[in-house]
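Chemist: I have a structure I would like to understand better, so I am pasting it below and will then ask my questions one at a time.
Numbering (this note's numbering), first residue to last: 481 to 646.
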């Protein structure tokens, strides 16, 4: 498979036990920056295809490979929520990587005020964190969480409220 592609899949098939074939002999290749949509009726294998691409499902035949240096994320159709916590905590867990980067960034900013600060090291760390926060979409994290909470129609977040499963 060519290294010019960010992701390649060759002759992949997926069968869910006992004998439900959802993908048969799929071959795909994506260029970096490509915008991709997966369309099909319920049960057509869209989620199975995306799980294989994200490296979450290894129960397929054929070859699926992400080019080294790239990453894949998967937003599950049915998020796995913690039953013992509130909505906000569940939402924040989903953005924990970006939140951690912002906390580290705040620590670096506080470090500039220290009397014995190593300005060169702080500058390098700050620059690295700024790039990583930008890549993770972290600068808008608070607004992103607010939009998600609004979209969920979430009740006011209190420690007494717990998500319910129907």
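No residue lacks a Cβ here, since even glycine has one placed at the ideal position from N, Cα and C.
Just curious, the alpha helix (DSSP H) that residue 586 is in, first and last residue?
Modeler: From DSSP, the alpha helix (DSSP H) with residue 586 extends over 576-591.
Chemist: Does the distance from the CB of residue 485 to the CB of residue 547 come in under 8 Å?
Modeler: Yes, they are a contact pair.
Chemist: Ignore the nearest five residues each way along the sequence and tell me which others in residue 495's own chain have a CB closer than 6 Å to its CB.
Modeler: Contacts found: 501.
Chemist: Nearest-angstrom Cα distance between residue 492 and residue 574?
Modeler: Going from the Cα of residue 492 to the Cα of residue 574 covers about 30 Å.
Chemist: So, helix, strand or coil for residue 552, using DSSP?
Modeler: Residue 552 falls in the coil class under three-state DSSP.
Chemist: In chain order, what residues of the same chain have a beta carbon less than 7 Å from the beta carbon of residue 550, not counting five sequence neighbours either side?
Modeler: Cβ within range, chain order: 486.
Chemist: Which runs of the alpha helix (DSSP H) at least 4 residues long sit entirely within the stretch 522-571? Give them in chain order.
Modeler: Runs found: 526-533.
Chemist: As a quick exercise: from 542, 555, 590, pick the residue whose alpha carbon is nearest that of residue 504.
Modeler: For residue 504, the nearest C-alpha among the options comes from 542.
Chemist: Which residues in the same chain as residue 507 place their Cβ atom closer than 7 Å to its Cβ, once the five residues preceding and following it in sequence are excluded?
Modeler: 489, 490, 491, listed in sequence order.
Chemist: Between residue 528 and the rest of its own chain, which residues show a CB-CB distance below 7 Å, the 5 nearest in sequence each way excluded?
Modeler: Correct list, in chain order: 494, 502, 503, 537.
Chemist: Here's the rule I'm using: 16 or more other beta-carbon atoms within 10 Å means buried, otherwise exposed. How should residue 617 be labelled?
Modeler: It is exposed - the Cβ of residue 617 has fewer than 16 other Cβ atoms within 10 Å.
Chemist: Let me know the secondary structure DSSP gives residue 609 once reduced to three states.
Modeler: Note: residue 609 maps to helix in three-state DSSP.
Chemist: Which class does residue 508 belong to by DSSP, given the choice of helix, strand or coil?
Modeler: Strand.
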